[in-house]
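Colleague:
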Amino acid sequence: MRRVAIVGVGHTDFMFDSPKTEVEMFAEAAMDAINESNLKPKDIQAINCGNGLGDFSEGQIMMQSYIADDLGCFNVPATRFEGACASATIGIRDAAMWVASGYYDIVLAGGTEKATAMGTPLATRTFAMGHDSRYESPAGMTFPGFFGMLAHLYSSRYNISLEKLKEQMAMVSVQSHEYGVRNPHAQFKKEISVEKVLSGFMVASPLQLLDCCPFSDGAAAVVVASEEVAKKLTNKPVYIVGTGQASSGKMSAQYKYLPRIRAREVSVKQAYDMAGLGPEDIDVCELHDCFSIASIIAAEGLGLAEYGKAGDLWEKGEMRIGGKIPINISGGLKSKGHPIGATGASQTYEIVKQLRGELVDQGRQVDGARVGLVDTLGGDGIICNLILKAD
Amino acid sequence: MEYKLTFREYNKSLKTDKLLGLKCNNCHTITCPPKMTCQECASTDLEVTELSGEGKIVTYTVIYVAPEGRENETPYAVVLVELKEGPWIMGNLIDIDPARVGMELIGRQVKLGHKVFPGDKYSDGDAARPLFSFAD
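So the protein lines, in turn, are chains A and B.
Just so you know, we're using my numbering here: the first sequence kicks off at 1 and counts up by one.
Just so you know, we're using my numbering here: the second sequence kicks off at 392 and counts up by one.
1) Count the CB pairs spanning the stretch 235-249 of chain A and the stretch 201-210 of chain A that are closer than 8 Å, and state whether there are at least three.
2) Which chain A residues sit within Cβ distance under 7 Å of I480(B)?
3) So, helix, strand or coil for I327(A), using DSSP?
4) At a Cβ cut of 7 Å, what residues of the stretch 440-456 of chain B count as close to chain A, listed as they run along the chain?
5) Taking all protein chains shown into account, decide if C418(B) is buried (16 or more other Cβ within 10 angstroms of its Cβ) or exposed.
6) What alpha helix (DSSP H) runs, 4 residues minimum, are completely inside the stretch 13-90 of chain A?
7) So if DSSP puts G378(A) in a beta bridge, which residue, or which two residues, is it bridged to?
8) Let's test the definition: count the other Cβ atoms within 10 Å of the Cβ of K42(A) and tell me whether it reaches 16, buried, or not, exposed.
9) Between the stretch 43-51 of chain A and the stretch 101-109 of chain A, can you find at least three pairs of beta-carbon atoms closer than 8 Å?
10) Please determine, among R80(A), E227(A) and D312(A), the residue with the shortest C-alpha to C-alpha distance to A170(A).
11) By Cβ distance, which residues of its chain are closer than 8 Å to M62(A), with the 5 residues on each side in sequence left out?
12) Leaving aside the five residues before and after E28(A) along the sequence, list all residues of the same chain whose C-beta is less than 6 Å from its C-beta, in chain order.
13) Starting from T465(B), trace the alpha helix (DSSP H) both ways and give me its first and last residue.
14) Using 8 Å as the threshold, is the stretch 260-276 of chain A in touch with the stretch 397-408 of chain B, meaning 3 or more CB pairs across them?
15) List in chain order: all unbroken alpha helix (DSSP H) runs of 4+ residues lying wholly within the stretch 304-362 of chain A.
16) So is L122(A) in contact with chain B if we call contact Cβ pairs under 7 Å?
17) Since I believe L39(A) is in contact with A115(A) (beta carbons under 8 Å), could you give me their beta-carbon distance rounded to a whole number of angstroms?
18) Taking the beta carbon of S161(A) as the centre, do at least 16 other beta carbons fall within 10 Å, making it buried, or is it exposed?
19) Along the stretch 186-206 of chain A, where does the CB come closer than 9 Å to a CB of chain B? Name the residues.
20) Using three-state DSSP, classify K407(B) as helix, strand or coil.
21) Only counting runs of 3 or more residues, tell me where the beta strand (DSSP E) segments fall wholly within the stretch 199-263 of chain A, in order along the chain.
22) Under 7 Å, do P326(A) and V284(A) count as touching if we go by C-beta distance?
23) Give the residues of chain B in contact with S292(A), contact being defined as C-beta atoms less than 8 Å apart.
24) Let me check understanding here. Comparing Cα to Cα, which of Q187(A), G341(A) and S133(A) lies closest to F16(A)?
25) M494(B) touches chain A at which residues, Cβ-Cβ below 8 Å?
26) For S85(A), count neighbouring Cβ atoms within 10 angstroms of its own Cβ and tell me buried if that reaches 16, exposed if not.
27) Evaluate the contact criterion for the stretch 187-196 of chain A versus the stretch 485-505 of chain B: three or more CB pairs, one atom per stretch, below 8 Å.
28) Tell me which residues of the stretch 96-121 of chain A have at least one Cβ-Cβ distance to chain B shorter than 8 Å, keeping chain order.
29) Could you give the distance in angstroms between the alpha-carbon of D289(A) and the alpha-carbon of N183(A)?
30) I'd like the span of the beta strand (DSSP E) that includes M481(B), first residue to last.
31) Name, please, each residue of chain A whose Cβ falls closer than 9 Å to the Cβ of L471(B).
32) For R93(A), would you say it is in contact with chain B, using Cβ-to-Cβ distances shorter than 7 Å as the test?
33) Specify, as a first and last residue, the run of the beta strand (DSSP E) that P138(A) falls within.
34) Starting from the beta carbon of G145(A), find every residue of chain B whose beta carbon is closer than 8 Å, and list them in chain order.
35) So which residues on chain A does A518(B) lean against when the C-beta distance must stay under 7 Å?
36) Please list the partners that T343(A) has in chain B, where partner means a Cβ-to-Cβ separation under 9 Å.
Below, the structure is given as C-alpha cells:
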C-alpha cells in the first residue's frame, strides 16, 4: 500500500438557511480544495460525496453525479457515501484506500448537507431514520433521545450523580462555544455559560437545548493524493497514516456494552494499529460531539480518558489548548454546526489546518501539533476514525 | 436461508401482548428483537421462544421534541428494559407523569403490554411497540 496525503482542503460557512443548494455548497468547498492543491478539475479521477438526507431536504438523490459535472470533472466516477453523520469520513477513508491501492492517484472527497431546509419536525423525523425503523423508531425515538438514554445510563453505570454529570456536560458545551467564536466558518459565534446551558428548554431528558448541536447547512472537501503526487503539489502534505471503520447493531442489540460504543473501540484500534501510534501520541482531536454527553463517551472510547472520568478532564480544562489533549478546537459540532453529510470532512479540514499550523491568526492553534485524530459517529453506531500526521 | 422469526411475525405476536424471541441452541443466549443470528455467537441454530415480558428499566429519556407527526404525544418516556431472559428491548413507559420522573426509574421492575404505532408515510405500515408499566 502506498502512503497517502491530503493536499488541499475547502470549507463553506456552516449556517442556518443557506442560500446555496447542496450541489453548490459542495462544489464551492471542492473548488477551494482543488485550487489549494494546485490542480485543475480534469486532474480529479474520482469523487466520493458524503450526504445523508438530500432525498428529503431537496428531493435529490445521485447529486454526486451533478457535482462532478458542475465542477467540470466531466464523467468521472462519482459515488455517494451514506453513513448518516459519518458519511464524509467514510468517503475520505475509501478515497485513501483507493489511492493507497494504486488504482487512483488523485481523489476528491467531502460532504454536503442542507438539513435546515427540512424544518425541525421533518429533520427530527429523518434524523431518527438513523435508528432501527422497525424495532426502535416506533417508540418515538429521536437522536437526542438516544444520547439522553446514554447520559442516564452513564450516570448510573459510573455512579456519578446526574447533577454533577450535567454540570460537566454543560462545561463541554461552554468550551465548544468559546472556540467556535474564533472559527470564521462556525454557525454560532457566541459564548455561553453553564447557567445558560442548565436553563435551556428540555429536548430529551436530561439533554437541554445547549447540550445539543444544531441543524445546519454546509459542505467541506479534501483532495487525497499519493505521496509521489503530493510531493509535487505541496510543501505541506498531511498524511493519512491510520484509518478505521466499524458498524453496530441497533441500540438494544448493543445492550450490555452501553454506554460504551464497541464499534468506536474497534475502529480506533484499527487506526492506531495502522499508524503504529496510540492515544498518547495524539496532539489534537476532533471528535463527534453531537451532544455534550457524546463528547464524554467519545473521549473515553478513543482512549483519551479513563472510563467514567472524561467529564473531570473537561472540568479541569485538560481538553483545551494547553491541556492534556485539546479537543474540538474548531468549536465542534456544537458551535461550528453539524451539516451531517459534511461533518467528517469538516473535522478533517480542521485537523489538516492544525497540523499545517495555519490557525495562529484565529487564536486557536495547538502549538507544535504533529498528529491529529478524527472521530465521527453515524446514527447509533457507524464509527469512522482517521489519524493524520504532518511530515 | 430464511429468518426463523421475521419482523412481521414478531409484530403480529406483540399485538397480542406476546413477546417472541430466539433461543440459541449453541450458547443458550436469548436474542430479542429477532435477528438472523444469535446476538452473542452468531449461530443460526435458533428456535422461537415466548418471553415473559418482565424485566427492569436500565435507562430512560423523556422526549419533548418529537419527530414529525408525533408532536401530540409529547412529553413521552422511552425506556430500555433488561428482560429477565437477558436481552434488552426498547419501548415506552406508561402510568407515570413523564414531566416528573427521574433517575429513580432505573432498576424499577416492569411488565410488557403494547400499543400500535399506526405508521407514517416513511414507515412501511404499522408497528407494535412495547408499552411497559410498573410491576413492583
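Glycine residues also receive a C-beta, built at the ideal position from the N, C-alpha and C atoms.
Modeller: Quick answer:
1) no
2) Counting from one through the second sequence, the residue named residue 480(B) turns up at place 89. Residues of chain A passing the Cβ test: S252.
3) In the first sequence, counting from the first residue as 1, residue 327(A) sits at position 327. DSSP places I327(A) in strand when its eight states are reduced to three.
4) V449, T450, Y451, T452, V453, I454, Y455 and V456
5) Here residue 418(B) refers to the residue found at position 27 of the second sequence. That one is exposed.
6) 22-36, 54-57 and 63-71
7) Indexing the first sequence from 1 puts residue 378(A) at position 378. DSSP lists I382(A) as partners of G378(A).
8) Here residue 42(A) is taken as the residue at index 42 of the first sequence, counted from 1. By the 10 Å Cβ count, K42(A) comes out exposed.
9) yes
10) Residue 170(A) sits at position 170 when you count from the first residue of the first sequence. Ranking R80(A), E227(A) and D312(A) by Cα distance to A170(A) puts D312(A) first.
11) Your numbering for residue 62(A) matches position 62 in the first sequence. Within the same chain, M62(A) has close Cβ partners R80.
12) By one-based count along the first sequence, residue 28(A) stands at place 28. Around E28(A): T12.
13) The residue you call residue 465(B) lines up with position 74 of the second sequence. Looking at the DSSP string, T465(B) is not in any alpha helix (DSSP H), and its letter there is neither H nor E.
14) no
15) 310-315, 332-336 and 343-356
16) Your numbering for residue 122(A) matches position 122 in the first sequence. Answer yes: the Cβ-Cβ gap between L122(A) and chain B drops below 7 Å somewhere.
17) Position 115 of the first sequence, counted from the first residue, corresponds to residue 115(A). Position 39 of the first sequence, counted from the first residue, corresponds to residue 39(A). With 8 Å as the limit, A115(A) and L39(A) do not qualify as a contact, their Cβ atoms being about 30 Å apart.
18) Start at 1 with the first residue of the first sequence, and residue 161(A) comes out as number 161. By the 10 Å Cβ count, S161(A) comes out exposed.
19) F201, M202, V203, A204, S205 and P206
20) What you label residue 407(B) is simply residue 16 of the second sequence in a count that begins at 1. Position check: residue 407(B) holds Thr in this sequence, whereas Lys was assumed. T407(B) falls in the coil class under three-state DSSP.
21) 202-204, 217-226 and 238-246
22) If you number the first sequence from 1, residue 326(A) lands on position 326. If you number the first sequence from 1, residue 284(A) lands on position 284. Yes, the pair counts as a contact, with Cβ atoms nearer than the cut-off.
23) Locating residue 292(A) in the first sequence gives position 292, counting from the first residue. Residues of chain B passing the Cβ test: none, with the nearest at roughly 14 Å.
24) Indexing the first sequence from 1 puts residue 16(A) at position 16. Here the closest residue by C-alpha is Q187(A).
25) For this step, residue 494(B) is matched to residue 103 along the second sequence. Going along chain A in sequence order, the residues near M494(B) (Cβ under 8 Å) are H152, S155, S156 and L162.
26) Numbered from its first residue, the first sequence carries residue 85(A) at position 85. Before going further, note that residue 85(A) is Cys rather than Ser in the sequence given. Classification for C85(A): buried.
27) no
28) T120 and P121
29) Start at 1 with the first residue of the first sequence, and residue 289(A) comes out as number 289. Start at 1 with the first residue of the first sequence, and residue 183(A) comes out as number 183. The alpha-carbon atoms of D289(A) and N183(A) are separated by roughly 16 Å.
30) Locating residue 481(B) in the second sequence gives position 90, where the first residue counts as 1. Element bounds for M481(B): W479 to L484.
31) Mapped onto the second sequence, residue 471(B) falls at position 80. Chain A residues near L471(B): M149, L153, M251, S252, Y255 and L258.
32) Looking up residue 93(A) in the first sequence gives position 93. Output row for R93(A): interface = no.
33) In the first sequence, counting from the first residue as 1, residue 138(A) sits at position 138. Premise fails: P138(A) is in no beta strand (DSSP E) and is neither H nor E.
34) To locate residue 145(A), count along the first sequence from 1; it is residue 145. What G145(A) touches in chain B: T452, I454 and V469.
35) Residue mapping note: residue 518(B) aligns to position 127 of the second sequence, counting from 1. By Cβ distance, chain A contributes R134 and P138.
36) By one-based count along the first sequence, residue 343(A) stands at place 343. The contacting residues do not exist; T343(A) stays about 20 Å from chain B at best.
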